[in-house]
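Those protein sequence lines, which keep their order, are chains A and B. If you count the first sequence from 1, position 25 lands on 202 in the numbering used here, and the numbers rise without skipping. If you count the second sequence from 1, position 137 lands on 314 in the numbering used here, and the numbers rise without skipping. Note that CB positions come from ideal geometry on N, CA and C, so glycine has one too.
There are 2 protein chains.
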Amino acid sequence: MKIYSSRKFDVEINNFTLPNGKTVEKPYVRHRGSVVIAPFLDNETIIMIRQYRPIIGKWLIEFPAGTIEEGEQLETTASRELEEEVGYKAGKLQKILSFYVSPGVMTEVMHLYLATKLEKTAQKLEEYEVIEPFEIKLNDAIRLVEDGKIEDGKTILSLLFISRKYRDLLFLLQ
Amino acid sequence: MKIYSSRKFDVEINNFTLPNGKTVEKPYVRHRGSVVIAPFLDNETIIMIRQYRPIIGKWLIEFPAGTIEEGEQLETTASRELEEEVGYKAGKLQKILSFYVSPGVMTEVMHLYLATKLEKTAQKLEEYEVIEPFEIKLNDAIRLVEDGKIEDGKTILSLLFISRKYRDLLFLLQ
Chain A
178 MKIYSSRKFD
188 VEINNFTLPN
198 GKTVEKPYVR
208 HRGSVVIAPF
218 LDNETIIMIR
228 QYRPIIGKWL
238 IEFPAGTIEE
248 GEQLETTASR
258 ELEEEVGYKA
268 GKLQKILSFY
278 VSPGVMTEVM
288 HLYLATKLEK
298 TAQKLEEYEV
308 IEPFEIKLND
318 AIRLVEDGKI
328 EDGKTILSLL
338 FISRKYRDLL
348 FLLQ
Chain B
178 MKIYSSRKFD
188 VEINNFTLPN
198 GKTVEKPYVR
208 HRGSVVIAPF
218 LDNETIIMIR
228 QYRPIIGKWL
238 IEFPAGTIEE
248 GEQLETTASR
258 ELEEEVGYKA
268 GKLQKILSFY
278 VSPGVMTEVM
288 HLYLATKLEK
298 TAQKLEEYEV
308 IEPFEIKLND
318 AIRLVEDGKI
328 EDGKTILSLL
338 FISRKYRDLL
348 FLLQ
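So this is what it looks like as structure tokens:
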């Protein structure tokens, strides 16, 4: 049963049958899913953003990301958000991981894309997005994670996952 | 303005002033915050859980975790969830990272704790929690992350962060 609907998420209450046979009624947040994009200018330089997040009243260091629009293909979302938020088109997009963001309360699944063969276009922000892109070496970004300077979960996860798989990445970037 | 309230989260709509002076009205999910716990039996053996997640209809491999109760101290939440979900008391709890789970739509901040000097007690599940603890080597868990077998964001992040800081961890475990 849908009890609230907004552009980015709905709230629903449904009955679920558990593996132990019991039934539980749970309220939860339905979300269409999202993408996060790690844009590589070369083997070691990435593009990140400083983004103002109104609901927590903070600037966060993040990778560009966004919600899948109704009926949109994943790769289209990745390509669209990359261009809107940082002003680049990707010649190559590769999905390297999918994960649930908060599976106790929200259905959102997020897909991590590597974006390479970048070509400069122009940022196209929505009226209420406050986003400043910047270039940084992957190793320097990892140091920010280790020092607790990056507070956005998807960005910490993405940086550490990519760094862990870096040898593969060098291969992927060919 | 609160438009929905449940045990784990509320939905609110508020006006926010942006750094560019504009005002935006946003619906969002208010969440009290949560903890995730990485329990170490020794320098290389951790305890994880298989948990059934009704709202996505899947079993996920996770670290124990849970929502902060009203007015509860963070460390109490960590200690309580560890005992309830895996049946261990921690002699030592250390917070090593805090991060936002989905800062575009939800206020939830999550705190990662290392739990060491473990002492066996008994699992105390709530009626509708379906959770099976198991022991695994940290390196084997990291391999599950690399192979895409772990789909829970907080768990991927926690495993990679701990593994990245492993030398420090060995020191912390003394």
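| field | Alpha-carbon to alpha-carbon, B/T194 and A/V268 | value | On the first sequence, position 91 is the one that residue 268 of chain A refers to. On the second sequence, position 17 is the one that residue 194 of chain B refers to. Sequence check: residue 268 of chain A is Gly here, not Val. Roughly 37 Å separates the two Cα atoms.
| request: Could you tell me if B/D219 is buried or exposed, where buried requires 16 or more neighbouring beta carbons within 10 angstroms of its beta carbon? | output: Along the second sequence, read from residue 1 onward, the residue named residue 219 of chain B stands at position 42. Under this definition B/D219 is an exposed residue.
| query | What first and last residue would you give for the alpha helix (DSSP H) that runs through A/L270? | reply | If you number the first sequence from 1, residue 270 of chain A lands on position 93. Run containing A/L270: none in the alpha helix (DSSP H); it sits in the beta strand (DSSP E), 265-277.
| field | First through last residue of the alpha helix (DSSP H) which encompasses A/N192 | value | For the purposes of this step, residue 192 of chain A is taken as residue 15 along the first sequence, with counting starting at 1. A/N192 -> not in any alpha helix (DSSP H); beta strand (DSSP E) instead, spanning 187-194.
| task | Report yes or no: do the segment 184-203 of chain B and the segment 286-301 of chain B share at least 3 C-beta pairs separated by less than 8 Å? | result | Taking a cut-off of 8 Å for Cβ pairs, the segment 184-203 of chain B and the segment 286-301 of chain B do not touch, as fewer than three such pairs fall below it.
| said: Comparing C-alpha positions only, which one of B/N192, B/K342, B/L270 sits nearest to B/K294? | reply: Walking along the second sequence from the start, residue 294 of chain B turns up at place 117. Checking every option, the nearest Cα to that of B/K294 belongs to B/L270.
| query | If you follow the alpha helix (DSSP H) that B/L334 is part of, which residue opens it and which one closes it? | reply | Within the second sequence, residue 334 of chain B is the residue found at index 157, counting from 1. Segment 330-341, the alpha helix (DSSP H) holding B/L334.
| Buried or exposed: which applies to B/Q250, given that a residue is buried once 16 or more other Cβ atoms fall within 10 Å of its Cβ? | Here the question's residue 250 of chain B lines up with position 73 in the second sequence. Around the beta carbon of B/Q250, fewer than 16 other beta carbons sit within 10 angstroms, so the residue counts as exposed.
| request: Figure out for me which residue from A/R320, A/G264, A/L302, A/I333 has the closest Cα to the Cα of A/S311. | output: Sequence index remark: in the first sequence, residue 311 of chain A carries index 134 (1-based). Contrary to the premise, residue 311 of chain A reads as Phe rather than Ser in this sequence. The alpha carbon of A/F311 has as its nearest neighbour, out of A/R320, A/G264, A/L302, A/I333, the alpha carbon of A/G264.
| said: Which residues in chain B have a C-beta closer than 9 Å to the C-beta of A/L321? List them in chain order. | reply: In the first sequence, the residue the question calls residue 321 of chain A occupies position 144. In chain order: nothing, as chain B lies at least about 12 Å away.
| request: Could you tell me which of A/A292, A/Y181, A/K203, A/V282 sits nearest to A/E258, measuring between CA atoms? | output: Taking the first sequence and counting its residues from 1, one reaches residue 258 of chain A at position 81. The residue with the shortest Cα to Cα distance from A/E258 is A/A292.
| task | Could you check how far apart the C-beta atoms of A/S279 and B/S279 are, in whole angstroms? I think they sit under 8 Å. | result | Numbered from its first residue, the first sequence carries residue 279 of chain A at position 102. Numbered from its first residue, the second sequence carries residue 279 of chain B at position 102. The pair is a contact, with the Cβ atoms about 6 Å apart (cut-off 8 Å).
| field | Residue from A/G198, A/W236, A/T222 with nearest C-alpha to A/Q228 | value | Along the first sequence, read from residue 1 onward, the residue named residue 228 of chain A stands at position 51. Distance from the Cα of A/Q228 is smallest, within the candidate group A/G198, A/W236, A/T222, for A/W236.
| request: Keeping to the same chain, check which residues put their C-beta closer than 8 Å to that of B/T254; ignore five residues upstream and five downstream. | output: As a working note, residue 254 of chain B is residue 77 in the second sequence. Spatial neighbours of B/T254 in its own chain (CB-CB distance under 8 Å, excluding positions within 5 residues in sequence) are listed in chain order as S211, V212, G243, T244, I245, E246.
| query | When DSSP labels each residue in this structure, what does A/I319 get in the three-state scheme? | reply | Here the question's residue 319 of chain A lines up with position 142 in the first sequence. DSSP, read as helix, strand or coil, puts A/I319 in helix.
| message | So that I know if they touch, is there some Cβ in chain B lying closer than 8 Å to that of A/N220? | response | One-based indexing of the first sequence puts residue 220 of chain A at position 43. For A/N220, not one C-beta of chain B is nearer than 8 Å to its own C-beta.
| task | For B/F311, write down the residues that DSSP places opposite it in a beta bridge. | result | Walking along the second sequence from the start, residue 311 of chain B turns up at place 134. B/F311 is bridged to B/M225.
| message | Could you give the first and the last residue of the continuous beta strand (DSSP E) run that contains A/S183? | response | Taking the first residue of the first sequence as position 1, residue 183 of chain A is located at position 6. Per DSSP, A/S183 lies in no beta strand (DSSP E) segment and is marked neither H nor E.
| query | What is the rounded straight-line gap between the Cα of A/Y277 and the Cα of B/G248? | reply | By one-based count along the first sequence, residue 277 of chain A stands at place 100. By one-based count along the second sequence, residue 248 of chain B stands at place 71. Between A/Y277 and B/G248, the C-alpha separation is close to 28 Å.
| said: If distances are taken between C-alpha atoms only, which option among B/N197, B/P196, B/L315, B/V206 comes closest to B/K179? | reply: Within the second sequence, the letter at position 2 stands for residue 179 of chain B. Distances from the CA of B/K179 to each of B/N197, B/P196, B/L315, B/V206 were compared; the closest alpha carbon is that of B/V206.
| said: Any beta carbon from chain A within less than 8 Å of B/R257's own beta carbon? | reply: Residue mapping note: residue 257 of chain B aligns to position 80 of the second sequence, counting from 1. Chain A places no beta carbon closer than 8 Å to that of B/R257, leaving this residue out of the contacts.
| message | I'd like the span of the beta strand (DSSP E) that includes A/P204, first residue to last. | response | Locating residue 204 of chain A in the first sequence gives position 27, where the first residue counts as 1. Run containing A/P204: 200-207, per the beta strand (DSSP E) assignment.
| message | A/Y181 and B/V201 - do their beta-carbons sit closer together than 8 Å? | response | As a working note, residue 201 of chain B is residue 24 in the second sequence. As a working note, residue 181 of chain A is residue 4 in the first sequence. Taking a C-beta distance under 8 Å as the contact criterion, B/V201 and A/Y181 do not qualify as a contact pair.
| task | Could you check what DSSP says for B/E239 in three-state terms: helix, strand or coil? | result | In the second sequence, residue 239 of chain B corresponds to position 62, counting from 1. It is a strand residue.
| field | Beta-carbon proximity list for A/V282, same chain, < 8 Å, skipping 5 on both sides | value | Reading the first sequence from its first residue, position 105 is the one you call residue 282 of chain A. Y205, V206, listed in sequence order.
| Euclidean distance between Cα positions of B/A215 and B/G198 | Position 38 of the second sequence, counting from 1, holds the residue named residue 215 of chain B. Position 21 of the second sequence, counting from 1, holds the residue named residue 198 of chain B. One C-alpha to the other measures close to 42 Å.
| field | Sub-8 Å separation of A/L334 and B/L315 beta-carbons | value | Here residue 334 of chain A refers to the residue found at position 157 when the first sequence is read from its first residue. Here residue 315 of chain B refers to the residue found at position 138 when the second sequence is read from its first residue. Contact flag unset, no.
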